[in-house]
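Undergrad: Per the working numbering, the first sequence starts with residue 8, numbered consecutively.
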Amino acid sequence: MGEALNGLKRSHYSGDLRETHIGETVTLMGWVQKRRNLGGLIFVDLRDRSGICQIVFDTAVSEEAFTKANGVRNEYVLAVTGKVVKRESVNNNMPTGEIEVFADSLKILCESEVPPIHIDDNDEANERLRLKYRYLDLRKPKMQNYLFTRHRIASAARRFFDEQGFVDVETPMLTKPTPEGARDYLVPSRVNLNKFYALPQSPQLFKQLLMVSGFDRYYQITKCFRDEDLRADRQPEFTQIDVEMSFVDEEDVRAINEDLLKYIFKEVADIDVQIPLMKLSYQDAMTRYGSDKPDVRFGFELKSLNHIFAATEFKVFSDALESKGDIRGININGYADKFSRKDIDKLQEYIKGYGAKGLAWIKFAGNEIQSSITKFLDESSISEIKRIFDAKDGDLVLIVADKANVVFDALGALRCEVAKQLGILDPKDYKFLWVTDFPLFEYDEEDNRYVAKHHPFTSPKDEDVDMLESDPANCRAKAYDIVLNGYEIGGGSIRIHNSAVQERMFKALGFTEEEANEKFGFFIDAFKYGAPPHGGIAYGLDRVTMLITGTDNIRDVIAFPKTQDAKCLMTNAPSVAEQKQLSELYLELTPVEKKEI
RNA sequence: GGUCCAGUAGUUCAGUUGGUUAGAACGCUAGCCUGUCACGCUAGAGGUCGACGGUUCGAGUCCGUUCUGGAUCGCCA
Numbered sequence: 008m009g010e011a012l013n014g015l016k017r018s019h020y021s022g023d024l025r026e027t028h029i030g031e032t033v034t035l036m037g038w039v040q041k042r043r044n045l046g047g048l049i050f051v052d053l054r055d056r057s058g059i060c061q062i063v064f065d066t067a068v069s070e071e072a073f074t075k076a077n078g079v080r081n082e083y084v085l086a087v088t089g090k091v092v093k094r095e096s097v098n099n100n101m102p103t104g105e106i107e108v109f110a111d112s113l114k115i116l117c118e119s120e121v122p123p124i125h126i127d128d129n130d131e132a133n134e135r136l137r138l139k140y141r142y143l144d145l146r147k148p149k150m151q152n153y154l155f156t157r158h159r160i161a162s163a164a165r166r167f168f169d170e171q172g173f174v175d176v177e178t179p180m181l182t183k184p185t186p187e188g189a190r191d192y193l194v195p196s197r198v199n200l201n202k203f204y205a206l207p208q209s210p211q212l213f214k215q216l217l218m219v220s221g222f223d224r225y226y227q228i229t230k231c232f233r234d235e236d237l238r239a240d241r242q243p244e245f246t247q248i249d250v251e252m253s254f255v256d257e258e259d260v261r262a263i264n265e266d267l268l269k270y271i272f273k274e275v276a277d278i279d280v281q282i283p284l285m286k287l288s289y290q291d292a293m294t295r296y297g298s299d300k301p302d303v304r305f306g307f308e309l310k311s312l313n314h315i316f317a318a319t320e321f322k323v324f325s326d327a328l329e330s331k332g333d334i335r336g337i338n339i340n341g342y343a344d345k346f347s348r349k350d351i352d353k354l355q356e357y358i359k360g361y362g363a364k365g366l367a368w369i370k371f372a373g374n375e376i377q378s379s380i381t382k383f384l385d386e387s388s389i390s391e392i393k394r395i396f397d398a399k400d401g402d403l404v405l406i407v408a409d410k411a412n413v414v415f416d417a418l419g420a421l422r423c424e425v426a427k428q429l430g431i432l433d434p435k436d437y438k439f440l441w442v443t444d445f446p447l448f449e450y451d452e453e454d455n456r457y458v459a460k461h462h463p464f465t466s467p468k469d470e471d472v473d474m475l476e477s478d479p480a481n482c483r484a485k486a487y488d489i490v491l492n493g494y495e496i497g498g499g500s501i502r503i504h505n506s507a508v509q510e511r512m513f514k515a516l517g518f519t520e521e522e523a524n525e526k527f528g529f530f531i532d533a534f535k536y537g538a539p540p541h542g543g544i545a546y547g548l549d550r551v552t553m554l555i556t557g558t559d560n561i562r563d564v565i566a567f568p569k570t571q572d573a574k575c576l577m578t579n580a581p582s583v584a585e586q587k588q589l590s591e592l593y594l595e596l597t598p599v600e601k602k603e604i
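(1) Please list the terminal residues of the continuous alpha helix (DSSP H) segment that includes residue 289.
(2) Helix, strand or coil for residue 602, going by three-state DSSP, please let me know.
(3) Using the Cα positions of residue 500 and residue 243, report the straight-line distance between them to the nearest angstrom.
(4) By the DSSP assignment, the alpha helix (DSSP H) with residue 148 in it spans what residues?
(5) By the three-class DSSP mapping on this structure, what secondary structure does residue 304 have?
(6) Measuring CB atoms only, is the region 77 to 94 touching the region 103 to 115, in the sense that at least three cross pairs come out at less than 8 Å?
(7) With a threshold of 16 other CB atoms inside 10 Å of the CB of residue 454, please say whether the residue is buried or exposed.
(8) Kindly identify the DSSP beta-bridge partner or partners of residue 309.
(9) At which residues does the alpha helix (DSSP H) containing residue 269 begin and terminate?
(10) Between residue 182 and residue 59, what straight-line distance do the alpha-carbon atoms span, to the nearest angstrom?
(11) Excluding the 5 residues preceding and the 5 following residue 307 in the sequence, name in chain order all residues of the same chain whose CB lies nearer than 8 Å to its CB.
(12) Measuring only the C-alpha atoms, how far is residue 15 from residue 228?
(13) Kindly give me the distance between the Cβ atoms of residue 464 and residue 215, rounded to whole angstroms, as I take these residues to be in contact under 8 Å.
(14) Beta-carbon within less than 7 Å of residue 355's beta-carbon, same chain only, minus the 5 sequence neighbours each way: which residues are those?
(15) Suppose only complete runs of 4+ residues qualify. What are the alpha helix (DSSP H) ranges in the region 352 to 399, listed by chain order?
(16) Tell me whether residue 286 sits in a helix, a strand or coil according to DSSP, three-state version.
(17) Buried or exposed for residue 3, going by 16 or more other Cβ atoms inside 10 Å?
(18) Return the CA-CA distance between residue 11 and residue 36, expressed in angstroms with no decimal places.
(19) Tell me, which residues are paired with residue 541 by DSSP?
(20) From 318, 428, 439, 372, pick the residue whose C-alpha is nearest to that of residue 269; which is it?
(21) Relative to the alpha-carbon of residue 413, which residue among 298, 369, 302 has its alpha-carbon at the smallest distance?
(22) Nearest to residue 631 by CA position, among 25, 155, 17, 86, is which residue?
(23) Ignoring anything shorter than 3 residues or poking outside the region 412 to 484, list the beta strand (DSSP E) runs there in chain order.
(24) Going along the chain, which residues of its own chain have a beta-carbon closer than 7 Å to the beta-carbon of residue 47, five neighbours each way excluded?
(25) Could you compute how far the alpha carbon of residue 57 sits from the alpha carbon of residue 100?
(26) Using a Cβ-Cβ cutoff of less than 8 Å, which residues in the same chain neighbour residue 160 once the five nearest sequence positions on both sides are dropped?
(27) Can you name the start and end residues of the beta strand (DSSP E) that residue 36 belongs to?
(28) Using CA coordinates, which residue listed in 287, 311, 316, 68 is at the minimum distance from residue 302?
(29) Distance, Cα to Cα, residue 237 vs residue 466?
(30) So, with DSSP's three-state summary, where would you put residue 561?
(31) Please list, in chain order, all residues of the same chain as residue 284 whose beta carbon is under 7 Å from its beta carbon, the five residues on each side excluded.
(32) Starting from the C-beta of residue 195, find all residues in its chain whose C-beta is less than 7 Å away, skip the five residues before and the five after it, and write them out in chain order.
(33) Closest to residue 511 by C-alpha separation, out of 541, 526, 498, 477, would be which residue?
(34) Return the residue from the list 528, 318, 62 that minimises the CA-CA distance to residue 111.
(35) Between the Cα of residue 230 and the Cα atoms of 494, 504, 180, 408, which residue gives the shortest distance?
(36) At what residues does the beta strand (DSSP E) containing residue 214 begin and finish?
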């Protein structure tokens with residue numbers, strides 16, 4: 008049983024006390040981080056969200072408080088009143104190390120069982136346990152700092168948008184399932200039996216309709232839901248900073264977003280972002296980095312070697328070229344000695360995960376080379392490779408031959424993996440870039456049709472509009488992603504605001520007029536009544552927070568995240584629905600077929 | 001759906017070629033201790049080795065299945 012506050016008020020946070028407070032009588036409230044009982048003297052480290060302050064219990068000051076303090080254990084919740092004094096022995100390892108509080112009185116507000124995880128930044132308890140006891144895990148200063156930073160980012164964004172005349176408008180959480188794109192989370196409706204809402208994958212359609220309504224500038228920091236598989240940087244529910252503007256083109260959207268990023272990074276992390284940001288077309292990003300979200304903190308750029316091996320007798324290479332594939336390589340310049348054959352074998356295994364069948368390599372040392380493909384390299388091809396990569400002593404060239412997309416994927420991933428292994432990635436180095444001129448479509452092998460790469464409302468480039476029909480594969484979009492250190496932190500586009508173009512777009516996607524009307528009728532209608540040119544962007548707040556805090560795990564920056572199976576280990580969601588609830592919804596469950604043994 | 005990694009005390013881990021009663025550190029409990037801050041000293045409690053099955057005279061260790069968590073490919077307009 009804990010004692011009541013009885014009107015007692017906290018005067019300070021523990022971590023805020025300094026030498027300037029010496030002589031003051033203060034009341035602190037918080038959790039016991041640590042008790043050190045020396046017999047006639049008890050020290051208690053009292054923790055709250057601001058930090059830790061040492062409390063001293065001494066019979067000479069208060070017999071009663073001392074006796075009570077004797078029974079105190081870790082994570083007990085205390086209220087302590089006492090005098091701030093200069094410490095006899097200063098602890099330079101803590102911000103409050105110059106002072107301590109001599110306790111006159113102590114209230115034990117709540118006792119605690121021995122916690123299953125140690126409340127300490129250095130605690131490396133299994134994540135399973137941390138997620139089950141998330142409320143304890145979140146007591147750790149590091150975890151609290153992640154969420155404080157997240158708050159500061161959201162708060163800075165709001166300040167920025169407010170100053171720029173953006174209106175925060177809420178859009179529905181219960182909305183219409185979207186046929187294109189990710190899987191929806193479905194929500195049954197009791198008052199509309201056998202009908203379903205979907206949770207929004209993004210407020211896309213609503214924010215565009217707000218532009219049609221004339222709100223001109225909109226933003227919202229809101230949850231989005233996608234029923235897809237999770238990753239280290241992907242959760243099924245995540246938070247988007249969503250933005251839309253009217254009477255703008257690509258450069259206008261990018262310009263204001265550069266100001267936004269500059270503002271946020273300055274406010275939150277005191278980082279000066281140099282604007283305008285670097286810009287790279289999708290095409291260039293792919294050919295130079297093998298990725299549409301390249302990490303440009305380091306080089307190792309891709310180079311084509313097709314012409315060198317045009318007449319090669321090396322079957323792997325000639326096969327790749329014959330089937331209209333590609334041979335490309337990267338130069339891990341200066342690090343040849345860091346990679347043994349065994350290491351390179353491991354890199355080969357790594358890229359097999361991306362569909363590559365093998366990895367050829369060349370090490371340069373003086374006039375000598377070592378290579379897995381020595382017998383297929385003559386003098387002229389060696390010197391040409393040297394020229395292309397500007398290869399010098401101590402360089403290592405890694406080469407992949409395959410279908411073009413496999414080569415890009417494999418080398419794009421490989422250059423990042425190598426950089427990671429070399430430890431040359433500085434998390435404090437923030438390299439932003441815009442990736443622009445995305446293709447409007449990509450071909451879906453399964454469905455045998457073109458699908459929108461971004462979404463079906465993305466505007467084609469003005470000069471590419473007529474390619475909607477004639478050459479969809481090469482039609483470019485007014486779409487742009489904002490990329491930071493290899494992460495896509497946001498993406499957006501200028502939207503189609505002209506119903507005729509929208510119709511042509513639907514046609515290109517293979518929708519009949521009826522299908523388009525059924526799926527997006529309300530949306531198509533809206534654009535018949537005067538839609539302004541408009542466009543916007545959406546950021547992944549979780550990812551931005553990850554990058555600013557320097558963690559590589561999105562769960563760290565979400566208070567109550569899901570596991571890889573989209574479960575919450577603390578609440579045990581999702582769980583079985585009660586029969587009563589199902590009956591009310593007229594839902595029946597089909598038993599899941601067990602795998603045969 | 002595929003591939004890979006991990007699971008031993010409350011926690012983090014060690015555990016050799018399959019061999020006696022499964023260890024350490026931290027934490028926890030009790031006692032002593034007035035300047036500790038990784039407090040110290042003494043004593044003690046604490047284990048279905050994730051689960052099930054198999055091989056074996058004998059399994060934490062080998063094999064199979066399965067559960068849980070993680071990384072990743074596919075997927076994520």
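The beta-carbon is built from N, C-alpha and C at its ideal position, and this holds for glycine as well.
TA: Checking against the coordinates, here is how it stands:
(1) Taking the first residue of the first sequence as position 1, residue 289 is located at position 282. Residues 289 to 296.
(2) The residue labelled residue 602 in the question sits at position 595 within the first sequence. Here residue 602 scores only 37 on pLDDT, less than 50, and its place in the model should not be relied on; the value that follows carries that caveat. Correct three-state label for residue 602: coil.
(3) As a first step, residue 500 must be located in the first sequence, where it is residue number 493. As a first step, residue 243 must be located in the first sequence, where it is residue number 236. If I take the Cα positions, the gap works out to 23 Å.
(4) Here residue 148 is taken as the residue at index 141 of the first sequence, counted from 1. Start and end: 148 to 170.
(5) Taking the first residue of the first sequence as position 1, residue 304 is located at position 297. If DSSP states are grouped into helix, strand and coil, residue 304 belongs with coil.
(6) The region 77 to 94 vs the region 103 to 115: in contact.
(7) Taking the first residue of the first sequence as position 1, residue 454 is located at position 447. By the neighbour-count rule (16 or more Cβ atoms within 10 Å), residue 454 is not buried but exposed.
(8) Position 302 of the first sequence holds residue 309. BP columns for residue 309 point to 337.
(9) By one-based count along the first sequence, residue 269 stands at place 262. Run containing residue 269: 257 to 276, per the alpha helix (DSSP H) assignment.
(10) If you number the first sequence from 1, residue 182 lands on position 175. If you number the first sequence from 1, residue 59 lands on position 52. If I take the Cα positions, the gap works out to 46 Å.
(11) As a working note, residue 307 is residue 300 in the first sequence. 337, 338, 339, 340, 422, 425, 426, listed in sequence order.
(12) Looking up residue 15 in the first sequence gives position 8. Looking up residue 228 in the first sequence gives position 221. Each residue's Cα considered, the two are about 38 Å apart.
(13) As a first step, residue 464 is located in the first sequence; it is residue number 457 there, counting from the start. As a first step, residue 215 is located in the first sequence; it is residue number 208 there, counting from the start. That belief holds up - the Cβ atoms of residue 464 and residue 215 are roughly 7 Å apart, short of 8 Å.
(14) Taking the first residue of the first sequence as position 1, residue 355 is located at position 348. Around residue 355: 365, 366.
(15) 386 to 396
(16) Residue mapping note: residue 286 aligns to position 279 of the first sequence, counting from 1. In the structure shown, residue 286 sits in a strand (DSSP, three-state: E or B).
(17) Residue numbering for the chain in the displayed model covers 8 to 604; residue 3 lies beyond these limits and cannot be assessed.
(18) Position 4 of the first sequence, counting from 1, holds the residue named residue 11. Position 29 of the first sequence, counting from 1, holds the residue named residue 36. Whole-angstrom Cα-Cα distance: 13 Å.
(19) Start at 1 with the first residue of the first sequence, and residue 541 comes out as number 534. Answer is 253.
(20) In the first sequence, the residue the question calls residue 269 occupies position 262. The shortest C-alpha to C-alpha distance from residue 269 to any of 318, 428, 439, 372 is the one to 439.
(21) By 1-based counting over the first sequence, the position of residue 413 is 406. Of 298, 369, 302, the residue nearest in Cα terms is 298.
(22) A query on residue 631 cannot be resolved here, the shown segment of the chain reaching from 8 to 604 and no further.
(23) 439 to 443, 448 to 451, 456 to 459
(24) Numbered from its first residue, the first sequence carries residue 47 at position 40. 66.
(25) One-based indexing of the first sequence puts residue 57 at position 50. One-based indexing of the first sequence puts residue 100 at position 93. Straight-line Cα distance between these residues: approximately 16 Å.
(26) For the purposes of this step, residue 160 is taken as residue 153 along the first sequence, with counting starting at 1. If we look at residue 160 and ignore the five residues flanking it on each side, its Cβ neighbours are 271, 275, 548, 551, 552, 555.
(27) Counting from 1 along the first sequence, the entry for residue 36 is found at position 29. Counting along the chain, the beta strand (DSSP E) containing residue 36 begins and ends at 32 to 44.
(28) Start at 1 with the first residue of the first sequence, and residue 302 comes out as number 295. Answer by Cα proximity: 287.
(29) By 1-based counting over the first sequence, the position of residue 237 is 230. By 1-based counting over the first sequence, the position of residue 466 is 459. In a straight line, the C-alpha of residue 237 is about 30 Å away from that of residue 466.
(30) As a working mapping, residue 561 is identified with position 554 in the first sequence. Residue state, collapsed to three classes: helix.
(31) Along the first sequence, one-based indexing puts residue 284 at 277. Counting only Cβ-Cβ distances below 7 Å, and skipping sequence neighbours, we find 265, 439, 440, 441.
(32) Translated into positions along the first sequence, residue 195 becomes position 188. If we look at residue 195 and ignore the five residues flanking it on each side, its Cβ neighbours are 203, 592, 594.
(33) By one-based count along the first sequence, residue 511 stands at place 504. In this structure, 477 is the residue among 541, 526, 498, 477 with its C-alpha nearest to the C-alpha of residue 511.
(34) By one-based count along the first sequence, residue 111 stands at place 104. Ranking the options by Cα distance to residue 111, first place goes to 62.
(35) In the first sequence, counting from the first residue as 1, residue 230 sits at position 223. Selected option, being the one with the closest Cα: 180.
(36) Translated into positions along the first sequence, residue 214 becomes position 207. Note, residue 214: premise wrong, no beta strand (DSSP E); alpha helix (DSSP H) at 211 to 220.
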